[in-house]
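Numbering (the numbering used here), first residue to last: 238 to 474. Beta carbons: idealized from backbone N, C-alpha and C, even for Gly. Nothing here was measured: the structure is a model prediction, and the numbers come from that model. One structure is given here, and the rest of the page talks about it.
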Amino acid sequence: MTLKITKKEQILQREKRVLACARRMISENGLIGFKMPDLAKESEISIGALYRHFESREDLVTAVAQYALHTRHTKLLLVNELFDSPIDRLIAIPLLDFLFNVAHREAFQTETCCMNASFVALASDKRRLSFRAQGDRVASLIENTITAVNSTGVSVSCAEGIWSLISGTSLIWFSQARTVELEEALNFFSPHFIGFLRGYLPNLNVTIEDIIKIEQILLDRADDWRWSLNGDSYDED
Numbered sequence: 238m239t240l241k242i243t244k245k246e247q248i249l250q251r252e253k254r255v256l257a258c259a260r261r262m263i264s265e266n267g268l269i270g271f272k273m274p275d276l277a278k279e280s281e282i283s284i285g286a287l288y289r290h291f292e293s294r295e296d297l298v299t300a301v302a303q304y305a306l307h308t309r310h311t312k313l314l315l316v317n318e319l320f321d322s323p324i325d326r327l328i329a330i331p332l333l334d335f336l337f338n339v340a341h342r343e344a345f346q347t348e349t350c351c352m353n354a355s356f357v358a359l360a361s362d363k364r365r366l367s368f369r370a371q372g373d374r375v376a377s378l379i380e381n382t383i384t385a386v387n388s389t390g391v392s393v394s395c396a397e398g399i400w401s402l403i404s405g406t407s408l409i410w411f412s413q414a415r416t417v418e419l420e421e422a423l424n425f426f427s428p429h430f431i432g433f434l435r436g437y438l439p440n441l442n443v444t445i446e447d448i449i450k451i452e453q454i455l456l457d458r459a460d461d462w463r464w465s466l467n468g469d470s471y472d473e474d
């Protein structure tokens, strides 16, 4: 017996297919030259149908960014599985978040673009609010990790500094046309990260050997946190 899918399910399937196609295009060619007519052609739907799903280019890009933030959050939760120590988790999250940017350039590009209030204001209310909600989940993850570290008697407060470190080093990485080789990316990021830890969190007493061990665990589990360009299953809240 063939099960019929509802119209709502058909719409969701089409949107997922369009978003996966948009991700591939942005990953390959960047965001500057990304155009809706090209996306319609690649997605094999009419431009009219595309605009029925997404009100504007900004709406579409915000949807990709929202999708990326959702996936980033689920992948960052892997640190809770891999590391028992709150301090190890606090070290692992920035390392994994930077690696996620390196492996998924389109995620970083669209998320950064949507941090611009004037850009995201042109998206639909639904996309804009959902993007912000997903961002809050990512922020809460590191805040909860910091709270767990503080509960061990080590006082830290560095959430904004960590995000600035990750964003800044990611921008430099991509501006220099770096490869997506993960080991090379860590060799680039680690000195900046070690300097950040020594300057802002000296009481953590984290050694270079500790960081190398965490890096290797993340590299060994790369298949678990990489995001396929075909997209993962995702249902909007």
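**Request:** Find out if the Cβ-Cβ distance for the pair VAL391, ILE328 is shorter than 8 Å.
**Result:** With a cutoff of 8 Å on beta-carbon distance, VAL391 and ILE328 are scored as not near each other.
**Prompt:** Is DSSP giving MET262 helix, strand or coil here?
**Reply:** Three-state result, MET262: helix.
**Request:** Put ASN338 into one of helix, strand or coil per three-state DSSP.
**Result:** The answer is helix: DSSP assigns ASN338 an H, G or I state.
**Request:** Would you list, in sequence order, the uninterrupted alpha helix (DSSP H) runs of no fewer than 4 residues that lie entirely inside the region 247-298?
**Result:** Here the runs fully enclosed are 273-280 and 284-290.
**Prompt:** Can you tell me where the alpha helix (DSSP H) with TRP400 in it begins and where it stops?
**Reply:** In the DSSP assignment, TRP400 falls within the unbroken alpha helix (DSSP H) covering 396-412.
**Request:** Pick helix, strand or coil for LEU186, following the three-state DSSP scheme.
**Result:** Nothing can be reported for residue 186: it is not among the residues displayed for the chain, which extend from 238 to 474.
**Message:** I'd like the list of long-range same chain contacts for ALA360, defined as Cβ closer than 6 Å, with 5 residues on each side in sequence excluded.
**Reply:** Around ALA360: GLU295, ASP296 and THR299.
**Separation of ILE451 from LEU441, as counted between CA atoms** = A straight-line Cα-Cα distance of about 15 Å links LEU441 and ILE451.
**Request:** Consult DSSP for SER377 and reduce its assignment to one of helix, strand or coil.
**Result:** Three-state result, SER377: helix.
**Request:** Consult DSSP for GLU392 and reduce its assignment to one of helix, strand or coil.
**Result:** Checking the sequence shown, residue 392 turns out to be Ser, not Glu. Of the three classes helix, strand and coil, the one that applies to SER392 here is coil, per DSSP.
**Message:** Just verifying my parser: in three-state terms, what is the DSSP assignment at MET238?
**Reply:** Low per-residue confidence applies at MET238: pLDDT is 47, beneath 50, and the placement is therefore not dependable, though the value from the model is reported in the following sentence. MET238 falls in the coil class under three-state DSSP.
**Request:** Verify whether the separation of the beta carbon atoms of VAL301 and ARG254 is less than 8 Å.
**Result:** Between VAL301 and ARG254, the C-beta gap is not smaller than 8 Å, which leaves the two residues out of contact.
**Asked** Cβ of LEU402 within 8 Å of Cβ of HIS429?
**Response** Yes. Within cutoff.
**Request:** Return the chain-ordered list of same chain residues with a C-beta closer than 6 Å to the C-beta of GLU343, the five sequence neighbours on each side being excluded.
**Result:** So the list reads ARG260, ILE263 and SER264, once near-sequence residues are dropped.
**Request:** Give, in chain order, every unbroken run of the beta strand (DSSP E) that is at least 3 residues long and sits entirely within the region 295-332.
**Result:** If only uninterrupted beta strand (DSSP E) runs of at least 3 residues are considered, none is enclosed by the region 295-332.
**Message:** Using only the alpha-carbon positions, how far apart do ILE449 and TYR288 sit?
**Reply:** Per the coordinates, the alpha-carbon of ILE449 lies some 47 Å from the alpha-carbon of TYR288.
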